[in-house]
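Asker:
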Amino acid sequence: VDIIELGVPFTDPIAEGPIIQAAHDRALQANTSLDMIFSLVEEFRSKDSETPVILMGYINTFLANSKALDSIHERGTDAVLIVDVPGESSLEDIGIQNKNIASISLISPTTDNDRIQKICMSSSGFIYYVTLRGVTGASNLNEDEIQTNILNIRNSTNLPVLAGFGIKTVSDAQALSEISDGVVIGSVLVEMIHQESENKDYKKIYNYLNEISAAINP
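Each residue of the sequence shown is one higher than the last, beginning at 1009 in this note's numbering.
#1: Let's test the definition: count the other Cβ atoms within 10 Å of the Cβ of residue 1016 and tell me whether it reaches 16, buried, or not, exposed.
#2: Can you look up residue 1049 in the DSSP assignment and give me helix, strand or coil?
#3: From residue 1186 to residue 1176, what does the alpha carbon distance come to, in whole angstroms?
#4: Can you give, in chain order, each stretch of the alpha helix (DSSP H) that sits fully within the stretch 1178–1222 and has at least 4 residues?
#5: Where DSSP assigns a beta bridge to residue 1112, which residues make up the other side?
#6: Looking at the structure shown, is residue 1264 part of a helix, part of a strand, or coil, going by DSSP?
#7: If you follow the alpha helix (DSSP H) that residue 1028 is part of, which residue opens it and which one closes it?
#8: Determine contact between the stretch 1116–1127 and the stretch 1085–1103, defined as no fewer than three beta-carbon pairs at a distance below 8 Å.
#9: Just reading off the alpha helix (DSSP H) that residue 1159 is part of, what are its end residues?
#10: Going by C-alpha distance, which of 1090, 1087 and 1059 is nearest residue 1011?
#11: Just to confirm, is the Cβ distance from residue 1137 to residue 1112 under 7 Å?
#12: Can you grab the Cα-Cα spacing for the pair residue 1149 / residue 1183, in whole Å?
#13: Since I believe residue 1213 is in contact with residue 966 (beta carbons under 8 Å), could you give me their beta-carbon distance rounded to a whole number of angstroms?
#14: In its own chain, which residues sit with a C-beta less than 7 Å from the C-beta of residue 1110, not counting the 5 before and 5 after it?
#15: Would you kindly work out how many angstroms separate the C-alpha atoms of residue 1167 and residue 1135, rounded to a whole number?
#16: Checking the sheet assignment: what are the DSSP bridge partners for residue 1065?
#17: Helix, strand or coil, according to DSSP, for residue 1071 in the structure here?
#18: So, is residue 1037 buried or exposed, given that buried needs 16 or more other C-beta atoms within 10 angstroms?
Here it is, written out as structure tokens:
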């Protein structure tokens, strides 16, 4: 993978489908804190200093842990995606002052052109285009609409535009990689990790990601 998106558990993850909602619930039941997530990133950084790590979460979690955010980059995080904050907002608005942290924003099929321009101006790292009118893990990708909307976004920014939500199969990833700068895979991978973690056998995950990588990087 080129980038790792690490979910921060929250009690009401409104943008998530059933699979990732269940993952939030499991993490909360295990008392997973933001500090524990930072420690996990630090452990990862001891083995990999290059692969970018993005924290994806909801505003209340970050507001409740504002002091922990002071060292967010020093502990290995490269970017933040806050789902329930308008894309026009800056990280400074929620207390993240570190200029080394990129601000990833979502643009959906229903975002109008005025907002697209404002979101692109306030974003860094890349733009996350939401391919579906629904929650994560939904289906029925409309490739023509996705291509049209991504081309429209590119009129407002030079940032890479990645496509996410509803990408499950190798063919999904291959098709969308041809009209975007990358694909984000969430629900399928989260469910695989859940299923395979009991027996600590991650070959299925490894093989799946290898197939995806080969399809989008021929």
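Note that the Cβ used here is the ideal one computed from N, Cα and C, for glycine as well.
What you are looking at is a predicted structure, and each value in this text was computed from that prediction instead of being measured.
Answerer: Once the coordinates are examined:
#1: buried
#2: helix
#3: 16 Å
#4: 1178–1185 and 1195–1205
#5: 1089
#6: The question about residue 1264 has no answer here: the residues shown for the chain are numbered 1009 through 1226.
#7: 1026–1037
#8: Judged by Cβ distances under 8 Å, the stretch 1116–1127 makes contact with the stretch 1085–1103, as three or more pairs qualify.
#9: Membership of residue 1159 in the alpha helix (DSSP H) is indicated by the continuous run 1151–1162.
#10: 1059
#11: no
#12: 10 Å
#13: As shown, the chain starts at 1009 and ends at 1226. That puts residue 966 outside it, with no answer to give.
#14: 1086, 1087, 1132 and 1133.
#15: 7 Å
#16: According to DSSP, which records beta bridges pairwise, residue 1065 is partnered with 1090.
#17: helix
#18: exposed
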